[in-house]
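Those letters in the sequence shown? Residues 115 to 385, per our numbering, in order.
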Amino acid sequence: MTSQCASNCSLAEIAGPGDIVAIVGAGGKTTTMFALASALAERGLRVVTTKSTTIHRPSMARAPHLLITPPDRWRIELPPVLDVHPVVTVVTAAPTPRRYNGIQPEFAPELLRTSGADVLIVEADGARRRLLKAPADHEPAMPVGATLVIPVACLAAVGRPLAERHVHRPELAAEVLGIKPSSQLTIDHVVTLILDSRAGRKSAPPAARVWPTLTAADRVSAGQLAEVHTALSSHPDVNGWIEATADWSYSVRCRVTQTRDANGGANLEVC
């Protein structure tokens, strides 16, 4: 017999050596990327962060250390930099004063291998600073070899209209949700956008671990948050979830599978 529950764990525990992490969705991807990188660095791991999309320069202002280098220089330039800086953000070029080029998704395994990093974190989606999004046909730019996928959605969208000022690609979100554009968004709609295989889990490799992340979790009621917990803890493809308050304080809930052996004893397996 098996049952599901959840236990608290730390942000640093959700990823480890060899992981290629893909962060998708809307409403806090960049902040979550750097928070995860910092937590892993505090654990003693070396982390490379990057994007598989074009990068708006101001969003990189929080990067602890930024390195502009083409793929053929990764093996030479990255290891010595990581010896000094445990978190390095890599971009491949700076074609305009306001833009960086990220990496091509197929280069992710090479970047992890040649950099000497323990973990690679790739922001693999764009959302124009909206709270929610639904991906177009070409999105997300999922890195090859992703082992951990983190779909992000912002709970501050609850109660707001399904409109461009809140949702990136609202017409696609309306299709996924089966509602009319401008409809008021509910907690169920946010959960659907983060869990649906046409939205938050789109292009996630079958073997990848999935850790949905909900930002502005303190902007909804305790009852609404309980609904989210029920949906996430019962979803077969979710390993756990992350919540962030409006001031970016993170908490992590790890799903636990409880099994009973032949003698009735309990065995706990953390996903």
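Ideal Cβ positions, reconstructed from N, Cα and C, are used throughout, including at glycine. Just so you know, these numbers come straight off a predicted model, no measurement behind them.
Neighbourhood of residue i by C-beta distance below 6 Å, restricted to the same chain and skipping five residues each side
i      : result
Gly379 : Only weak support is given to the placement of Gly379: the predicted model assigns it a pLDDT of 45, under 50, and the question is left unresolved by the model.
Gly259 : Ile134, Ala222, Pro223
Thr228 : Trp188, Arg189
Val281 : Arg244, Leu246, Ala287
Thr183 : Glu191
Ile128 : Trp325
Cβ distance (whole Å) where residue i is taken to contact residue j below 8 Å
i      : j      : result
Val266 : Ile137 : 6 Å
Leu299 : Arg274 : 6 Å
Glu191 : Leu180 : That pair is no contact at about 12 Å.
Arg283 : Ala250 : 6 Å
Leu269 : Ala331 : 6 Å
Inter-residue spacing [alpha-carbon to alpha-carbon] between residue i and residue j
i      : j      : result
Thr329 : His199 : 28 Å
Ala340 : Ala271 : 17 Å
Gly132 : Met174 : 24 Å
Arg212 : His170 : 6 Å
His303 : Arg187 : 44 Å
Pro178 : His343 : 33 Å
Arg333 : Val366 : 17 Å
Ala255 : Pro219 : 6 Å
Ala151 : Gly130 : 11 Å
Ala153 : Glu285 : 36 Å
Arg242 : Gly292 : 23 Å
Ala321 : Thr261 : 7 Å
Pro147 : Gln338 : The sequence as given places Met at residue 147; Pro does not occur at that position. Spanning the two alpha carbons is a distance of roughly 26 Å.
Asp351 : Lys316 : 12 Å
Ser335 : Lys294 : 25 Å
Val233 : Ala360 : 27 Å
8 Å Cβ cutoff met for residue i and residue j
i      : j      : result
Val195 : Val205 : no
Ala277 : Leu246 : no
Ala358 : Gly142 : yes
Trp362 : Thr145 : yes
Leu225 : Ile217 : yes
Ala231 : Arg176 : no
Thr327 : Ile301 : no
Ala155 : Tyr364 : no
Own chain, CB closer than 8 Å to residue i, minus 5 neighbours either side, in chain order
i      : result
Arg157 : Ala126
Val290 : Ala248, Thr306, Leu307, Asp310, Arg312, Ala313
Cys123 : Gly354, Val366, Arg367, Cys368, Val384
Asn296 : Before going further, note that residue 296 is Ser rather than Asn in the sequence given. Once the five neighbours on either side are set aside, the close Cβ partners of Ser296 are Pro275, Leu276, Ala277.
Same chain, Cβ closer than 7 Å to residue i, neighbours up to 5 away in sequence not counted
i      : result
Pro209 : Asn215
Glu253 : Asp239
Handout entry: the segment 292-310 in contact with the segment 255-269 per 3-pair CB rule at 8 Å
Key = With the cut-off at 8 Å, the segment 292-310 and the segment 255-269 touch.
TODO: Give a yes or no on contact between the segment 227-244 and the segment 162-170, applying the rule of three or more CB pairs nearer than 8 Å.
DONE: With a cut-off of 8 Å, the segment 162-170 and the segment 227-244 count as touching, because enough Cβ pairs lie within range.
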